[in-house]
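Student: The following block contains the structure, expressed as structure tokens.
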Ligand code: PEP
Ligand code: CO
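In the numbering used here, the protein residues as written are 6 to 508.
Encoded structure:
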């Protein structure tokens, strides 16, 4: 059988999942009916039985080419024996919350680095990321008046899709950097050589990160009664300081009021108040961390709560879609300008044939230039196949540009503009925006232009740290959350006045 992973002619080292059990996945329907699912399946032969390695018979985009097949096999075997990072009941709890978000009862805040780096796996850095996500969620909670589901792009976001396989500098061509799970960003042949051992280092760092996050949350770090725990350095001199303090005070006042009226304390810190997500890109490592849960009678990817399919690997007959259709986790799918409405319909049918609530989050990332034109047709397309999804806006990946000096950046005004357009377009189409997906860091970096402090192109060189995409810094992230909250709050007030007048 033609294999699509590893060196072109090498036999794939991982023939079968080590403790494979046949999946309980059933055909979506008998095929005798004329539903969309049966048409799609007959076209793409998706009726074949799923198992964690079934993706290996499909073309797998964006996979590294390892020179040492035996070393790769050893590593994947080791990864398959290590304990899972998350457990199925947490995954199911997240799915239930996402189902509520689909109904407009919660809002998803998903954010973190474009690509985590092994070096940044240290306490301050992890705490800062948590703090900015907590601050943003507090602001969104107050403005949107609904609970916020916090999902980090962390504890495993170590593999990146790239637009080219190689990079050339001064006449030297080397493999591109594909994330710390695969190789290193430095431009030498040794650093760019894909090294399977890095998958184990990535597993360890994901587990260290998650352990620290869980300990902080369990220790009361996420408790709404103590937002002062989340203060970040930039706040002391920030133009946003007073507005943020106003929000904190208003929440403290509401908590106090509720607790005195009800005589009960609001418990904000729950066991897994933070969930993790990463792009499910490196399929051998995702496969190795896929486990059959007897009690649930289903397969779960237990390396993360919510993996997503990237735009570059969403081909309907590709290996990634084949892998994702069989796991029980809630999953995200990036939806970009290159995707047609029919393609999206097929994805929705293949990935959520039973229309299970909370299963599928569509993360659109059209950019400010395309959203007006593309989003309405996508909303109509999904509605036409009767699918239930959670719509989320990623205002980062469609708004990347390169300055005249060759620096990759994004403009705050375009990021905010796309989120605002997304809220409006969903509403106009009788749909609902249920979340945002942001590349951010709690650090004081200068990677995106604009925001309250008016970062300019000339400032980018000062603290540009990302090895891949530019992130909002802490202050820009908080400002984005505030502007979203203001906009939604203003719309709600207008609607309330409208309702009163029409009564
Ligand atoms: C990403 O989220 O970092 C990414 C590569 O996104 P997309 O697949 O939407 O391009
Ligand atoms: Co990115």
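From the three backbone atoms N, C-alpha and C, an ideal C-beta is built for every residue, glycine too. Note that the structure is predicted; figures quoted are calculated from it, not measured.
Whose C-alpha, out of 497, 163, 448, 489, is nearest the C-alpha of residue 476?
Tutor: 448
Student: Let me know the secondary structure DSSP gives residue 419 once reduced to three states.
Tutor: helix
Student: Just the Cα atoms here: how many angstroms apart are residue 57 and residue 443?
Tutor: Spanning the two alpha carbons is a distance of roughly 30 Å.
Student: Terminal residues of the continuous alpha helix (DSSP H) containing residue 89?
Tutor: Note, residue 89: premise wrong, no alpha helix (DSSP H); not H, not E.
Student: Report the residue from 310, 155, 446 whose alpha carbon sits nearest the alpha carbon of residue 111.
Tutor: With distances taken between Cα atoms, residue 111 lies closest to 155.
Student: Expressed to the nearest angstrom, what Euclidean distance is found between the alpha-carbon atoms of residue 204 and residue 128?
Tutor: Their Cα atoms are separated by approximately 21 Å.
Student: In chain order, which continuous runs of the alpha helix (DSSP H) of length 4 or greater are located wholly inside the region 385-461?
Tutor: 417-433
Student: Cβ atoms of residue 119 and residue 474: under 9 Å apart, would you say?
Tutor: yes
Student: Starting from the N-terminal side, write out each stretch of the alpha helix (DSSP H) that is 4 residues or longer and does not extend beyond the region 100-158.
Tutor: If we require 4 residues or more, the alpha helix (DSSP H) runs fully inside the region 100-158 come out as 128-149.
Student: DSSP three-state label for residue 55, please.
Tutor: coil
Student: Nearest CA to the CA of residue 392: which residue from 349, 411, 414?
Tutor: Measuring C-alpha to C-alpha distances from residue 392 to each of 349, 411, 414 identifies 349 as the nearest.
Student: Closer than 5 Å from C-beta to any heavy atom of the ligand CO: which residues, in chain order?
Tutor: 119, 474
Student: Residue 70: which of 459, 170, 159 sits nearest, CA to CA?
Tutor: 170
Student: What does the alpha-carbon distance come out to for the pair residue 316 and residue 367?
Tutor: Take the alpha-carbon of residue 316 and the one of residue 367: they are about 11 Å apart.
Student: With residue 336 and residue 356 assumed to form a contact (beta carbons below 8 Å), what rounded beta-carbon distance in angstroms separates them?
Tutor: 7 Å
Student: Does the beta-carbon of residue 180, which I'm using as the reference point, lie nearer than 8 Å to any heavy atom of the ligand PEP?
Tutor: no
Student: Quick check on residue 163: does DSSP put it in helix, strand or coil?
Tutor: coil
Student: What is the rounded straight-line gap between the Cα of residue 146 and the Cα of residue 253?
Tutor: Spanning the two alpha carbons is a distance of roughly 11 Å.
Student: For residue 282, is the classification buried or exposed, using 16 other Cβ atoms within 10 angstroms of its Cβ as the cut-off for buried?
Tutor: Under this definition residue 282 is a buried residue.
Student: Going by the C-beta, is residue 254 closer than 8 Å to any heavy atom of the ligand PEP?
Tutor: no
Student: Looking at the strands, I want to know which residues DSSP matches up with residue 5.
Tutor: Outside the displayed range of the chain (6 to 508) lies residue 5, so it cannot be described from this structure.
Student: How many Å lie between residue 458 and residue 468 at the Cα?
Tutor: Approximately 15 Å between the Cα atoms of the pair.
Student: Could you check the C-alpha separation between residue 352 and residue 101 for me, to the nearest Å?
Tutor: 21 Å
Student: Can you find a heavy atom of the ligand PEP that lies under 8 Å from the Cβ of residue 317?
Tutor: yes
Student: From residue 428 to residue 103, what distance separates their C-alpha atoms?
Tutor: Looking at the two C-alpha atoms, the distance is approximately 18 Å.
Student: Looking only at its own chain, which residues have a Cβ that is under 7 Å from the Cβ of residue 202, when we skip the five neighbours before and after it?
Tutor: Hits under 7 Å: 80.
Student: Taking the beta carbon of residue 244 as the centre, do at least 16 other beta carbons fall within 10 Å, making it buried, or is it exposed?
Tutor: exposed
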